[in-house]
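A.B. asks: Encoded as structure tokens, here's the structure I'll be asking about.
Numbering (this note's numbering), first residue to last: 2 to 371.
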């Protein structure tokens, strides 16, 4: 055999080995190793926490209390996430200014709440006062949402997707800094009716009176939204536009009107969420929309962005994960302040969903081609 023939055979053998390597399911192998690592880490943390003894032992009443808190927080996330998912379903854009729309509603209602608390109206007629606060918050949030759609988003409707995304981030910064400039950067206490002060005790489990109010309100609103989208003529038009905007326009549907209706609904939901959040935590501020907005976006992605039931499910799951997760995973390894790491839980969930199931729980499971 000549030297040239030997070199050719060596090259062929090398190409065959390289071809076998390229055919290896590298992505699947990496995901499998990542899954095993996560399961071992999470399982180990949970096992250590649940097997704590003595004064460090966390009883079932502690977990039940965290569960109620998580459901209340998740209900707020779900309402905000519905705004993200409605806009995305219609326009295929992420409205990153939605957190500031939520903030604006809470801030707008604050001035009425403070005046009612000072005059005594808040405690004398709590339900009427709360109804007015919700209406004010919904009006402020809806007005800003519609204004953003008309001024910032509609002229860019046919632009590349990156352009509206950058515009939304700019709108978010504009609103946040505008509220800081006009009303100050300090956090303000949000008054709560005495009717909702204190705790409720069921056996050995106790939780704030506001928690079941938040959960019940969110459930009613989400059921009402689902009915509106599925049963009304406008809801059917929204679903048609979400399916194919051009075909819907050819069939006689006013696309601009549907888009405005979508922003109106998102603004109303953000306003309701703003009041519930302010009543729960007792404070408002110009920067209060950032973290809940990111968490709600994570909830929308988790449930399947574009899916109304998915946003609701994702919000509740994320709220419970933020409330229970830090203690369940980190208490066993003696982390001094596990609740301060709830943001880590949120971003970890976002990253894991994007890696393992980009379409979300109720989505397709595949990333959308852009």
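By construction, the Cβ of each residue, glycine as well, lies at the ideal position given by its N, Cα and C atoms.
Since residue 100 and residue 137 should fall inside the 8 Å C-beta cutoff, what is the C-beta to C-beta distance between them, to a whole number of angstroms?
C.D. replies: With a Cβ gap of about 19 Å, residue 100 and residue 137 do not count as contacting.
A.B. asks: Secondary structure at residue 324, three-state DSSP: helix, strand or coil?
C.D. replies: Three-state result, residue 324: helix.
A.B. asks: CB-CB under 8 Å to residue 147, same chain, minus the five flanking residues each way: which ones, in chain order?
C.D. replies: Taken in chain order, the residues that qualify are 261, 264, 265 and 268.
A.B. asks: Measure the beta-carbon distance from residue 350 to residue 303 and round it to whole angstroms, keeping in mind my assumption that it falls under 8 Å.
C.D. replies: About 6 Å; that satisfies the 8 Å criterion.
A.B. asks: What does DSSP give as the partner residues of residue 284 in its beta bridges?
C.D. replies: Paired residue(s): 190.
A.B. asks: Answer with buried or exposed for residue 337, where buried requires no fewer than 16 other C-beta atoms within 10 angstroms of its C-beta.
C.D. replies: Residue 337 comes out exposed.
A.B. asks: Residue ranges of each alpha helix (DSSP H) run of no fewer than 4 residues wholly in the segment 223 to 307, ordered along the chain?
C.D. replies: Fully enclosed alpha helix (DSSP H) runs of 4 or longer: 234 to 244, 246 to 251, 256 to 282 and 291 to 304.
A.B. asks: Spatial neighbours of residue 211 within its chain, please: CB distance less than 6 Å, with the 5 preceding and 5 following residues excluded, ordered by chain position.
C.D. replies: Counting only Cβ-Cβ distances below 6 Å, and skipping sequence neighbours, we find 197, 280 and 281.
A.B. asks: If you draw a straight line from the alpha carbon of residue 114 to that of residue 187, how long is it in whole angstroms?
C.D. replies: One C-alpha to the other measures close to 17 Å.
A.B. asks: Look at residue 325 and residue 68 and say whether their C-beta atoms are less than 8 Å apart.
C.D. replies: Going by C-beta atoms, residue 325 is nearer than 8 Å to residue 68.
A.B. asks: Could you compute how far the alpha carbon of residue 87 sits from the alpha carbon of residue 81?
C.D. replies: Going from the Cα of residue 87 to the Cα of residue 81 covers about 10 Å.
A.B. asks: Could you give the first and the last residue of the continuous beta strand (DSSP E) run that contains residue 1?
C.D. replies: Outside the modelled stretch of the chain, which goes from 2 to 371, sits residue 1, for which no answer is possible.
A.B. asks: Which residue's Cα is closest to the Cα of residue 84: 298, 328 and 48?
C.D. replies: Checked all of 298, 328 and 48; the closest Cα to residue 84 is 298.
A.B. asks: Taking the runs of the alpha helix (DSSP H) that are 4 residues or longer, which of them lie wholly in the segment 79 to 166?
C.D. replies: You should have 99 to 120, 122 to 125 and 127 to 149.
A.B. asks: My assumption, with CB atoms under 8 Å, is that residue 91 sits in contact with residue 239. Please give the rounded CB distance.
C.D. replies: Correct: roughly 7 Å between the Cβ atoms.
A.B. asks: Count the other CB atoms within 10 Å of the CB of residue 111; is the residue buried (16 or more) or exposed (fewer)?
C.D. replies: Burial call: buried.
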